[in-house]
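Enquirer:
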Amino acid sequence: GGVVGDEHVPTLTLGWSVAQPRSRGQVLLSSSDPLAAPVIDSRFYDDRADQDLHVVAYRQSQELLAKGPLRDAKPWRPEVRSDDDIRENLRVSTFHGWHGSGTCRMGQPDDPACVVDPSLRVRGIEGLRVCDVSVFPVVTSGNTNAPTVMVAEKGADIIKRDHPELFA
């Protein structure tokens with residue numbers, strides 16, 4: 030159940046996600062202090078196509094809830110009706126789900142948009158590699174746990190190849 034005001038009531042949460050979002054957020058340094066928290070701007074709905082997909086998903090969820098045994102359920106925000114209302118509702122209620130990726134994009138050394146090279150080395154910083162899903166140029170279509178393990182395993186193989194003396 031959930032809490033509405035001071036009252037405990039049975040609740041249902043229905044969610045969805047866009048498998049290939051086009052919107053891109055950013056992570057910026059907040060200062061030169063390495064211990065300072067970064068500035069993270071998810072920019073979930075910067076691309077209109079992402080907004081449109083979420084509006085369709087919202088409307089489909091409402092249609093689903095209006096049928097069968099759930100038809101008497103009261104919506105959380107009944108005033109949300111127009112596409113603009115839906116977009117605003119999504120803007121204030123969306124969360125990231127802890128599967129961020131693409132913040133240290135991997136690519137060719139001559140690509141200025143890339144943070145790491147194909148050997149996972151950070152450009153301009155000797156001895157530092159990134160071995161997680163942040164190197165993916167775009168988010169994967171599914172959960173990011175398995176791709177993260179794959180990148181970490183590949184990173185371990187690369188480090189062993191580049192530094193055999195450490196593993197003799």
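In terms of this note's numbering, the sequence shown has 98 at position 69, counting the first letter as 1, and numbering is strictly consecutive. Cβ coordinates follow ideal geometry from the N, Cα and C atoms, glycine included.
1) Assuming GLN55 is part of the beta strand (DSSP E), what are its boundary residues?
2) If you draw a straight line from the C-alpha of ASP101 to the C-alpha of LEU41, how long is it?
3) Check the C-beta distance from ASP75 over to VAL47 and give it rounded, since I have them as a contact under 8 Å.
4) Can you tell me where the beta strand (DSSP E) holding HIS37 begins and where it ends?
5) Can you check the region 128-163 for any alpha helix (DSSP H) of at least 4 residues that lies completely inside it and give the ranges in chain order?
6) Along the chain, which unbroken stretches of the alpha helix (DSSP H) at least 4 residues long are found entirely within the region 44-130?
Expert: The relevant details are as follows:
1) By 1-based counting over the sequence shown, the position of residue 55 is 26. Per DSSP, GLN55 belongs to the beta strand (DSSP E) from 55-57.
2) To locate residue 101, count along the sequence shown from 1; it is residue 72. To locate residue 41, count along the sequence shown from 1; it is residue 12. Taking the straight line joining both Cα atoms gives about 12 Å.
3) Counted from its first residue, the sequence shown places residue 75 at position 46. Counted from its first residue, the sequence shown places residue 47 at position 18. Between VAL47 and ASP75 the Cβ distance is about 13 Å, and since that is not below 8 Å, they are no contact.
4) Along the sequence shown, one-based indexing puts residue 37 at 8. Taken as a continuous stretch (DSSP letters only), the beta strand (DSSP E) holding HIS37 covers 36-38.
5) For the region 128-163, there is no continuous alpha helix (DSSP H) assignment of 4+ residues that stays within its boundaries.
6) As far as the region 44-130 is concerned, its whole alpha helix (DSSP H) runs of at least 4 residues are 77-94 and 112-122.
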